[in-house]
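*Asks:*
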């Protein structure tokens, strides 16, 4: 593999780790008001584009033309190193924030219409599909294969170990997010159960007070 390919592999490994783990900030374009549906669609399109570029990169490897590998993989590497993956992560961050706020507010607000319920369910399903646990791995077919192949070309380079660690840490972060959502759901269920128990206790107390009043009421003629 030539020098350009080696440099490209290093760029890919360092960039994918930095983007996956760095704090997300909204670009001026994404800072504008964007609907949730648009964010889901954009995130899905980003994954599709990245996967197509990864497939094109793999095709060159399969043809065994090492002279053109680096050039053909440029689109894939630049997407990882540029705005495509960054925008995907930014959209997912906004979508996950809305989901967490919705789960919290839904536990205290039951005034949703049937149309709202259908819309919210569709949004939640879409968010889980494109931004859920291991979505990058589950929703793409070629991305991780292309990354692993490029990484293998630099197996003796420290950057490969660094990139692999970044990917593992990203997956661990996804697992932690899942556990956090489960914990939030458990807390909300406990709060709901306690409210129901408190309401039941109040009703029992009211019934007991009413019963005592009836017992103590003097009979007619006494």
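Numbering (the numbering used here), first residue to last: 82 to 303.
The beta carbon of each residue, even a glycine, is placed where N, CA and C say it ideally should be.
Predicted, not measured: the structure shown is a model, and the values here were computed from it.
For the structure I just gave you, are there three or more beta carbon pairs, one from the region 116–127 and one from the region 170–180, closer than 8 angstroms?
*Replies:* Flag = yes, the region 116–127 and the region 170–180 touch.
*Asks:* Considering only C-alpha positions, which residue in the set 130, 161, 125 is nearest to residue 231?
*Replies:* For the purposes of this step, residue 231 is taken as residue 150 along the chain shown, with counting starting at 1. Nearest of 130, 161, 125 to residue 231, Cα basis: 161.
*Asks:* How big is the Cα-Cα spacing for residue 185 and residue 269?
*Replies:* Here residue 185 refers to the residue found at position 104 when the chain shown is read from its first residue. Here residue 269 refers to the residue found at position 188 when the chain shown is read from its first residue. Their backbone Cα atoms lie some 8 angstroms apart in a straight line.
*Asks:* To the nearest angstrom, report how far apart residue 82 and residue 207 are at their CA atoms.
*Replies:* The residue you call residue 82 lines up with position 1 of the chain shown. The residue you call residue 207 lines up with position 126 of the chain shown. Only weak support is given to the placement of residue 82: the predicted model assigns it a pLDDT of 48, under 50, and the question is left unresolved by the model.
*Asks:* Excluding sequence positions up to five away, which residues of its chain have a Cβ less than 8 angstroms from the Cβ of residue 215?
*Replies:* Along the chain shown, read from residue 1 onward, the residue named residue 215 stands at position 134. Hits under 8 angstroms: 252, 255.
*Asks:* For the alpha helix (DSSP H) containing residue 133, name the first residue and the last one.
*Replies:* The count along the chain shown starts at 1 and reaches residue 133 at position 52. Note, residue 133: alpha helix (DSSP H), 117–144.
*Asks:* The alpha helix (DSSP H) spanning residue 218 covers which residue range?
*Replies:* By 1-based counting over the chain shown, the position of residue 218 is 137. Taken as a continuous stretch (DSSP letters only), the alpha helix (DSSP H) holding residue 218 covers 216–219.
*Asks:* Could you tell me if residue 199 is buried or exposed, where buried requires 16 or more neighbouring beta carbons within 10 angstroms of its beta carbon?
*Replies:* Reading the chain shown from its first residue, position 118 is the one you call residue 199. Result: exposed.
*Asks:* Are residue 211 and residue 135 touching if we call contact CB-CB under 8 angstroms?
*Replies:* Locating residue 211 in the chain shown gives position 130, counting from the first residue. Locating residue 135 in the chain shown gives position 54, counting from the first residue. Contact: no.
*Asks:* Drop a sphere of 10 angstroms on the beta-carbon of residue 182, count the other beta-carbons inside from all chains shown, and report buried for 16 or more, exposed for fewer.
*Replies:* Taking the first residue of the chain shown as 1, we reach residue 182 at position 101. Flag for residue 182 reads exposed.
*Asks:* Is it true that the CB of residue 131 sits closer than 8 angstroms to the CB of residue 279?
*Replies:* As a working mapping, residue 279 is identified with position 198 in the chain shown. As a working mapping, residue 131 is identified with position 50 in the chain shown. Going by C-beta atoms, residue 279 is not nearer than 8 angstroms to residue 131.
*Asks:* Helix, strand or coil for residue 223? Go by DSSP, reduced to three states.
*Replies:* Here residue 223 is taken as the residue at index 142 of the chain shown, counted from 1. Residue 223: coil per DSSP, three-state reduction.
*Asks:* For a test of the three-state rule: what should DSSP assign to residue 213, helix, strand or coil?
*Replies:* Along the chain shown, one-based indexing puts residue 213 at 132. In this structure, residue 213 counts as coil in the three-state DSSP scheme.
*Asks:* Using three-state DSSP, classify residue 163 as helix, strand or coil.
*Replies:* By 1-based counting over the chain shown, the position of residue 163 is 82. Correct three-state label for residue 163: coil.
*Asks:* Who are the Cβ neighbours of residue 127 in its own chain at under 8 angstroms, not counting the five residues just before and after it?
*Replies:* In the chain shown, the residue the question calls residue 127 occupies position 46. Excluding positions up to five away in sequence, the list reads 165, 166, 168, 169, 172.
*Asks:* Determine the burial state of residue 320: buried for a count of at least 16 other Cβ atoms within 10 Å of its Cβ, exposed for fewer.
*Replies:* The chain is shown from 82 up to 303; residue 320 falls before or after that span and cannot be answered.
*Asks:* Below 7 angstroms CB to CB, which residues in the same chain sit around residue 271 once its five sequence neighbours on both sides are set aside?
*Replies:* Here residue 271 corresponds to residue number 190 of the chain shown, with the count starting at 1. None.
*Asks:* Can you tell me which of 179, 142, 202, 262 puts its alpha carbon nearest to the alpha carbon of residue 115?
*Replies:* For the purposes of this step, residue 115 is identified with residue 34 of the chain shown, where counting begins at 1. Cα-wise, what sits closest to residue 115 is 179.
*Asks:* Using the Cα positions of residue 144 and residue 138, report the straight-line distance between them to the nearest angstrom.
*Replies:* The residue labelled residue 144 in the question sits at position 63 within the chain shown. The residue labelled residue 138 in the question sits at position 57 within the chain shown. The alpha-carbon atoms of residue 144 and residue 138 are separated by roughly 10 angstroms.
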